[in-house]
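Colleague: Submitted below is the structure of interest, expressed as structure tokens.
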Amino acid sequence: MALYHTVFHGSPVAVSWTILGSGSAGNCAYLEAGQTRLLIDAGLSARQIRLRLAALGRVVESLSGILITHEHGDHVQALKVFAARHDIPIYCNRFTREAIEYQMGLKLACRVFETGTSFAIGDVEVESFSVPHDAQDPVGFLVRTQTVNVGVLTDLGHVTRLVLERLRPAQVLLVEANHDVRLLQEDTRRPWTTKQRILSRHGHLSNEAAAAMVETLADGALQHVFLGHLSRDCNRPELAHAAVAGRLQALGAQHIQITTATQDTPTQELRF
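In terms of my numbering, the sequence shown opens at residue 542 and continues consecutively.
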């Protein structure tokens, strides 16, 4: 799939955005633009995704596609069921597809893109970009519509210049705020090797690292930040929120809204 930017024609389409659930045990977001309906990752159970879509008045069968950031179980849990029961296009890169097929023992009829390229799905353009994380070929996405641009950055160990460049057009951003460093260091349930992996440059973003990234993007298009992938054991929603809010307040950028996503409850639907 080639790198290009779609020139949208016609009137802006209605867009809605909801994080169906986000945390260490599962991640899934829903974006609707005009007649195009996408899941971004499918890391909740198939049953939970179905139930949470139903709460929005949507059904799995109406999905236009599923975008996959990487192969870890908390991002692909529902794919085995969906692949068996539904003819929903799955979009991922080659190494991610191979890793998922190996893990699940099945063949996926994926629409494979090359990392760093853009491709169209109905009323949206999806731009993929590489992120540093301990997976085969993990990516983030910038989903462009006629109305709003949505950035998705769920798992990464540090913020690169490329990541910042790709996300600068985003008005809405989902970024991970995985852990509070002190809580992680003091956690007695995780071995030191696990802590080292999480804290590494290919692990996960801390609250402060996420806040620093948001601060860097605050002078651009950004209007609403969603904090995701919070650890149940090594983070608390109020800590993640405070880290980002403090940076934005110091900048005088209180116009940027902050929502902290949780594992068990979808965020309120955001409409444009």
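Ideal Cβ placement from N, Cα and C applies to all residues, glycine included.
Between Asp582 and Ile609, is the Cβ-Cβ spacing less than 8 Å?
Modeller: Against the sequence shown, residue 582 aligns to sequence position 41. Against the sequence shown, residue 609 aligns to sequence position 68. In this structure, Ile609 lies closer than 8 Å to Asp582 by Cβ.
Colleague: Between the alpha carbons of Ala784 and Thr734, how many angstroms are there, rounded?
Modeller: As a working note, residue 784 is residue 243 in the sequence shown. As a working note, residue 734 is residue 193 in the sequence shown. So the alpha carbons of these two residues sit roughly 26 Å apart.
Colleague: Where does Gln798 sit, in a helix, a strand or coil, going by DSSP?
Modeller: Numbered from 1 along the sequence shown, position 257 holds the residue referred to as residue 798. Correct three-state label for Gln798: strand.
Colleague: Per DSSP, Trp558 forms a beta bridge with which residues?
Modeller: Start at 1 with the first residue of the sequence shown, and residue 558 comes out as number 17. The partner list for Trp558 (beta bridge, DSSP) reads Leu572, Leu811.
Colleague: Looking at the strands, I want to know which residues DSSP matches up with Phe682.
Modeller: As a working note, residue 682 is residue 141 in the sequence shown. Beta-bridge pairing links Phe682 to Ser669, Val693.
Colleague: Among the candidates Tyr571, Gly564, Leu572, whose CA atom is the shortest distance from the CA of Asp615?
Modeller: Reading the sequence shown from its first residue, position 74 is the one you call residue 615. For Asp615, the nearest C-alpha among the options comes from Gly564.
Colleague: Let me check understanding here. Comparing Cα to Cα, which of Arg652, Val653, Glu668, Cys651 lies closest to Ser659?
Modeller: Working through the sequence shown from its first residue, we reach residue 659 at position 118. It is Glu668 whose Cα lies nearest to the Cα of Ser659.
Colleague: Are there three or more Cβ pairs, one per stretch, closer than 8 Å when the region 741-749 is compared with the region 696-710?
Modeller: A contact exists between the region 741-749 and the region 696-710.
Colleague: Considering Gly769, what are the terminal residues of the beta strand (DSSP E) in which it resides?
Modeller: Taking the sequence shown and counting its residues from 1, one reaches residue 769 at position 228. From DSSP, the beta strand (DSSP E) with Gly769 extends over 765-769.
Colleague: Starting from Ala752 and walking both ways along the alpha helix (DSSP H), at which residues does that stretch end?
Modeller: Taking the sequence shown and counting its residues from 1, one reaches residue 752 at position 211. Where Ala752 is concerned, the enclosing alpha helix (DSSP H) stretches over 748-758.
Colleague: Suppose the cutoff is 8 Å on Cβ atoms and the five residues either side in sequence are ignored; what does the same chain contact list for Asn690 look like?
Modeller: By 1-based counting over the sequence shown, the position of residue 690 is 149. These residues qualify, in order along the chain: Leu683, Val684, Pro710, Ala711, Gln712, Val713, Ala762.
Colleague: Could you check if Asp721 is buried or exposed, using at least 16 other CB atoms within 10 Å of its CB as the buried criterion?
Modeller: Your numbering for residue 721 matches position 180 in the sequence shown. By the neighbour-count rule (16 or more Cβ atoms within 10 Å), Asp721 is buried.
Colleague: Would you grab the beta carbon distance between Ile560 and Ala718 for me? Rounded to a whole angstrom, and I think it's under 8 Å.
Modeller: Against the sequence shown, residue 560 aligns to sequence position 19. Against the sequence shown, residue 718 aligns to sequence position 177. With a Cβ gap of about 13 Å, Ile560 and Ala718 do not count as contacting.
Colleague: For Pro553, count the other beta carbons within 10 Å of its own beta carbon; 16 or more makes it buried, fewer makes it exposed. Which is it?
Modeller: In the sequence shown, residue 553 corresponds to position 12, counting from 1. Result: exposed.
Colleague: Look up Ile739 in the DSSP assignment and say whether it is helix, strand or coil.
Modeller: Taking the first residue of the sequence shown as position 1, residue 739 is located at position 198. Three-state DSSP puts Ile739 in a helix.
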